[in-house]
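Colleague:
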Amino acid sequence: MRPTFDLQSHSLWSDGDLPPAEVVAAAAAAGVERLALTDHDAVDGVAEALRAGAQHGIAVVPGAEISALDGPHEDLHICAYLVDHTSKTFLATLREFREDRNVRGGRMLEALEECGFALERAAVDARAAEGSPVGRPHLARAVFDHPDNRARLEDEGLTDAGQVLVAYLIPGTPGYRRRTRPTVQEAIDVIHAAGGLAVWAHPFWDVDSDDEVLDTVDRFAAMGIDGVECFYATHTEAQTRLVAGHCEQLGLLSTGSADFHGPEHRLFHAFRAFETYDLTPRLGPIAGP
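In terms of the working numbering, the sequence shown opens at residue 997 and continues consecutively.
Here you go:
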């Protein structure tokens, strides 16, 4: 039986497809009993999610997913759980992170134009104007939605915005530009200052080598990380057992999620779509009273 918690999900406040209340409703319909809303560098949807949780009888954990730098790794994600989503200091810091993200987004838009793409910028400009995060999925959509790019994208075999992102907007591709902040240490410190717990999300998404993942867990533990997302939609059983066992040895939390982004998302479209392989997750305070 799959777990009834799902500790990462995204709404229209970042790169998800649904408003927070609809994310919660979909989670409840899928049998989720404890859900975290973890929009990228944003907690703007948490209040709405909490209200919807009360309506649907589902426990909602206030959260966010902070993108951070770590040496050669340019976009590691640190999830914040149980943060004070009303803290003026925390909100101001997230605003700074989003501004850095949006500056980088502008640089990547320029790079995409240098690659010869026309851009459908209305949605991107609207998000930036309202202070919402402008992430790489929005930039990929700006390329994919412009009719002048259709023939080229067909020639390159790129049939959706997600494939455009992988081809042009990840490290090592021509449209990618690096963020300047925060570091992982800064992200951990900011989360703790807001009363929350810091968890490294989907470690094998960002790091390929088993040994490097374990070494990174050790380094982050020394920085004060509280846990690792050991149970994840794309993790194999071997990867799950490896990192969960290591976290148990270190006394770290081991969380999990299907990383819901919306019902039409190519990869992350279903709740509870991850396995624990008969291991016992260690959620600590995230599990609630």
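Backbone N, C-alpha and C fix where the C-beta goes; we use that ideal spot for every residue, glycine too.
Which complete alpha helix (DSSP H) runs does the stretch 1216-1259 hold, if anything under 4 residues is left out?
Modeller: Listed in chain order, the complete alpha helix (DSSP H) runs (minimum 4 residues) inside the stretch 1216-1259 are 1233-1246.
Colleague: Once the 5 residues before and after residue 1238 are set aside, which same chain residues still bring their CB inside 7 Å of it?
Modeller: Counting only Cβ-Cβ distances below 7 Å, and skipping sequence neighbours, we find 1206.
Colleague: Looking at residue 1074: is its Cβ nearer than 8 Å to the Cβ of residue 1166?
Modeller: Not closer than 8 Å, so no.
Colleague: From residue 1083 to residue 1190, what distance separates their C-alpha atoms?
Modeller: Residue 1083 and residue 1190: Cα-Cα distance of roughly 7 Å.
Colleague: Report the CB separation of residue 1254 from residue 1267 in whole angstroms; it is logged as a contact under 8 Å.
Modeller: Contact holds; Cβ gap of about 6 Å.
Colleague: Contact check, residue 1171 vs residue 1107 under 8 Å by CB: the rounded distance?
Modeller: 5 Å between Cβ atoms; contact.
Colleague: Evaluate the contact criterion for the stretch 1019-1029 versus the stretch 1239-1251: three or more CB pairs, one atom per stretch, below 8 Å.
Modeller: Output reads no: the stretch 1239-1251 does not touch the stretch 1019-1029.
Colleague: Count the other CB atoms, across all protein chains shown, that sit within 10 Å of the CB of residue 1053; report buried if there are 16 or more and exposed otherwise.
Modeller: Counting Cβ neighbours within 10 Å, residue 1053 comes out exposed, since fewer than 16 surround it.
Colleague: What do you reckon, are the CB atoms on residue 1236 and residue 1064 nearer than 8 Å?
Modeller: Contact flag unset, no.
Colleague: Decide if the stretch 1128-1138 is in contact with the stretch 1098-1112; the criterion is three or more beta carbon pairs, one per stretch, under 8 Å apart.
Modeller: The stretch 1128-1138 is in contact with the stretch 1098-1112.
Colleague: Helix, strand or coil: which one does DSSP assign to residue 1286?
Modeller: The question about residue 1286 has no answer, for the chain in this structure spans 997 to 1285.
Colleague: According to the neighbour-count rule (16 or more other Cβ atoms, all chains shown, within 10 Å of its Cβ), is residue 1051 buried or exposed?
Modeller: Residue 1051 is exposed by the Cβ-count criterion.
Colleague: Are any of the Cβ atoms in chain C nearer than 8 Å to that of residue 1034?
Modeller: Looking at the structure shown, chain C is missing, and only one protein chain is on hand.
Colleague: Quick one: complete beta strand (DSSP E) runs, 3+ long, within the stretch 1035-1117?
Modeller: Listed in chain order, the complete beta strand (DSSP E) runs (minimum 3 residues) inside the stretch 1035-1117 are 1055-1066 and 1069-1077.
Colleague: Rounded to whole angstroms, what is the Cα-Cα separation between residue 1273 and residue 1122?
Modeller: Approximately 43 Å between the Cα atoms of the pair.
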